[in-house]
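Novice: In the numbering used here, the protein residues as written are 1109 to 1266.
We put the CB at the ideal spot given by N, CA and C, even for glycine.
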């Protein structure tokens, strides 16, 4: 009878271990999928950035670096490894992330890169700046200039 009881305990132990392994694997894949979403969203946010276009080119691969991101989390920065058509490097970026307007689970979050530093694989460092506001946008507190307020040209020597 003692042999059966020992066999029963071993079977339960194996079942518990298998459940824990399956749960761990599931959590890993869910975490990886969420980081892929973040990488895709950052890739979209970097399209058109002049520094990225000049030095990385078209981004072919982007990977979130969990270890380095954890070290810079106090500064609210994430670390991404970029590989593009012109070069590769590491981007340390402060980002703003918002949920997408649609509630589709397949749509990545809306990401804006607020600032960052790109370190190329060759060692060169470049600052990534956010896009400038639209040129035709007038600040709300700026007074509108009218022709009457514009000084007229006065010929020199009069």
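Can you tell me the Cβ-Cβ gap for residue 1197 and residue 1227, rounded? I've got them flagged as a contact below 8 Å.
Specialist: About 6 Å separates the two Cβ atoms, so the contact holds.
Novice: Give me the Cα-Cα distance between residue 1209 and residue 1233, rounded to the nearest whole angstrom.
Specialist: The alpha-carbon atoms of residue 1209 and residue 1233 are separated by roughly 35 Å.
Novice: Taking the alpha-carbon positions, what's the residue 1119 to residue 1126 distance?
Specialist: Spanning the two alpha carbons is a distance of roughly 11 Å.
Novice: I'd like the list of long-range same chain contacts for residue 1172, defined as Cβ closer than 7 Å, with 5 residues on each side in sequence excluded.
Specialist: The residues are 1143, 1146, 1147, 1186 and 1188.
Novice: On a Cα-Cα basis, can you pick out the residue from 1195, 1169, 1200 and 1132 that is closest to residue 1176?
Specialist: The shortest Cα separation from residue 1176 among 1195, 1169, 1200 and 1132 belongs to 1200.
Novice: Enumerate in chain order the residues of its own chain whose CB-to-CB distance from residue 1224 is below 7 Å, with the five nearest sequence positions on each side excluded.
Specialist: Taken in chain order, the residues that qualify are 1199, 1200, 1201, 1202 and 1236.
Novice: Measure from the alpha carbon of residue 1149 to the alpha carbon of each residue in 1229, 1231, 1207 and 1230, then state which is nearest.
Specialist: Looking at the Cα atoms, 1207 is the closest of the given residues.
Novice: Over the uninterrupted alpha helix (DSSP H) stretch that includes residue 1162, give me the two end residues.
Specialist: It spans 1158-1163 - the alpha helix (DSSP H) in which residue 1162 sits, taken as one unbroken run.
Novice: Quick one, which of 1138, 1123 and 1190 has its alpha-carbon nearest residue 1160's?
Specialist: Cα-wise, what sits closest to residue 1160 is 1190.
Novice: Find out if the Cβ-Cβ distance for the pair residue 1194, residue 1170 is shorter than 8 Å.
Specialist: Against a cut-off of 8 Å, the Cβ pair of residue 1170 and residue 1194 comes out as no contact.
Novice: Quickly, what does DSSP pair residue 1201 with across the bridge? List them, please.
Specialist: Paired residue(s): 1186 and 1224.
Novice: Please work out which residues of its chain come closer than 6 Å, Cβ to Cβ, to residue 1136, disregarding the five sequence neighbours upstream and downstream, and give them in chain order.
Specialist: Closer than 6 Å at Cβ, skipping near neighbours: no residue.
Novice: Where does residue 1196 fall in DSSP's three states?
Specialist: Residue 1196: strand per DSSP, three-state reduction.
Novice: What does the alpha-carbon distance come out to for the pair residue 1163 and residue 1123?
Specialist: Taking the straight line joining both Cα atoms gives about 52 Å.
Novice: Quick check: what's the CA-CA separation for residue 1134 versus residue 1166?
Specialist: About 32 Å.
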